[in-house]
Ligand SMILES: NC(=O)c1ccc[n+]([C@@H]2O[C@H](COP(=O)([O-])OP(=O)(O)OC[C@H]3O[C@@H](n4cnc5c(N)ncnc54)[C@H](OP(=O)(O)O)[C@@H]3O)[C@@H](O)[C@H]2O)c1
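What follows is the structure in structure tokens.
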């Protein structure tokens, strides 16, 4: 199974990645991250794709991800760090663009 993961450098995403790496049924993990993901280093099934603008996805990237069977979207921000209005728009703005792509 090929899965996509975002937010892998964060608290939630790192925990998800730890579990994905241990799952034999997951054969490929495409990690979209704006910076390197140390936990993925040395794991053949994990590929870190450096991606800086999560509101845009070019065709080459979409082609690379097209056979993925699922996505864990752990990109986000702590609700304690921002206003309620910003928090409610933050995750949806990024993930809805990914969904459209
Ligand atoms: N922690 C909890 O107990 C908890 C509980 C329920 C729900 N959640 C939700 O789960 C999500 C993740 O929480 P978390 O605690 O794991 O947060 P976190 O530790 O702050 O991690 C956030 C992750 O999102 C990435 N990120 C944030 N803004 C980005 C942007 N503009 N472009 C690219 N990457 C971006 C960060 O990348 P960088 O490392 O590059 O900054 C990091 O990988 C949030 O939406 C949070 O509200 C968390």
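Residue numbers (the numbering used here): 696 to 796.
For glycine and all other residues, C-beta sits at the position ideal for the given N, C-alpha and C.
With 16 as the cutoff for other CB atoms within 10 Å, does residue i come out buried or exposed?
i           : result
residue 757 : exposed
residue 772 : exposed
residue 722 : exposed
residue 725 : buried
residue 717 : exposed
residue 776 : exposed
residue 741 : buried
Could you check whether the Cβ of residue i sits closer than 7 Å to any heavy atom belonging to ligand 1?
i           : result
residue 705 : yes
residue 772 : yes
residue 793 : no
residue 769 : yes
residue 765 : no
residue 737 : no
residue 730 : yes
Taking a contact to mean a Cβ-Cβ separation below 8 Å, would you say residue i touches residue j in this structure?
i           : j           : result
residue 701 : residue 768 : yes
residue 744 : residue 729 : no
residue 697 : residue 739 : no
residue 749 : residue 709 : no
What distance in whole Å lies between the Cβ atoms of residue j and residue i, which are believed to be in contact at a cut-off of 8 Å?
i           : j           : result
residue 734 : residue 770 : Rounded, the Cβ-Cβ distance is 16 Å, inconsistent with contact.
Quiz prompt | Entirely enclosed beta strand (DSSP E) segments - the region 727-761, minimum 3 residues | solution = 741-745
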